[in-house]
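All letters in the sequence shown, in the order written, are residues 0 to 266 by numbering that gives the first Met the number 0.
The beta carbon of each residue, even a glycine, is placed where N, CA and C say it ideally should be.
Right, one structure below, let's go through it.
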Amino acid sequence: MKPHDAPDNDQPSSQRPETDEDGLIRLQKLLAQSGVASRRKCEELMLDGLVEVDGEVVTRLGTKVDPRTAVVRVEGKRLPPISDKVYLVLNKPRGVVSTMSDPEGRRTLGDLVADRPERLFHVGRLDTDTEGLIILTNDGDFAQHLAHPSHEVDKTYVAEVEGEVHVRTVRQLLAGVELDDGPVTVSAARVLGGDPRREGSNRSIVELTIHEGRNRIVRRLLDHVGHPVRRLTRTQIGPVTLSRLRSGEMRELTVAELGELMDSAQL
């Protein structure tokens, strides 16, 4: 697929194409309405053998599929199926509890989505004093699969820590760290710099990527190597980033993001 023919990464996952009375749709129309490319370009992609449905290459124009159940791929990239489910990414503010309600009356995720008509729940958790990216959905299977440790979806965090983080510490993190409840594998780690908000401060900004979700694991990991965390933000889960979301804001997952996450969750 040429760069100008790439899927429209900005298209929201809830923007669904129209089907006929049998619930079917022509494949090239589905591709076009899903933001892959123009109708003509989608036909060319099919003729070039770059489109698969349920694991089979489809080159015959006019082939109809059920967009609710068909697993469609364009150059190996999956399009999510049509459904009435919603998939949201929220920039959780610091101090908000990662539950939909709280008997103690604390501010929760549920308060931030109170105006949504769906019954939403969160995929995984963030500590109350951690801010950043969290996914909300009403799709239970998706949430359960994505949160399962066996699927090893990468999660990226940016931490403000005490002390100057040296190269040897980064190497130590990348080599793996043994905590009380078992080893931790760090996929990527780097120092982004000192704390720009505090002139002369003895603090560093560190970015690291892991795929585990054990309780307070990032804080425990950095504390173990001698750099207690003072502020922690999750910035990415798989292909999904905060982009320009302000604290407390949310957006829908795009078609491309949802498709990649469904593959990661083996759905």
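Asked                                                                                                  : Found
For Arg-72: DSSP bridge partner residues                                                               : Glu-51, Arg-77
7 Å Cβ shell around Ser-246 - same chain, five flanking residues per side excluded                     : Asn-90, Pro-92, Glu-130
Three-state secondary structure (DSSP) of Glu-233                                                      : The sequence shown places Arg at residue 233, not Glu. Correct three-state label for Arg-233: strand.
Which listed residue (Gly-22, Leu-26, Gly-34, Ser-263) has its alpha carbon closest to that of Val-152 : Ser-263
Backbone CA spacing between Glu-51 and Leu-135 [nearest angstrom]                                      : 29 Å
N-terminal and C-terminal residue of the alpha helix (DSSP H) that Thr-168 is part of                  : 166-174
Distance, Gly-181 Cα to Val-64 Cα                                                                      : 47 Å
Three-state secondary structure (DSSP) of Gly-247                                                      : coil
Assigned exposure category for Val-122 - 16 Cβ within 10 Å defines buried                              : buried
Asp-138 burial status per 10 Å Cβ neighbour count (16 or more: buried)                                 : buried
Coil, strand or helix - Ala-264 by DSSP                                                                : coil
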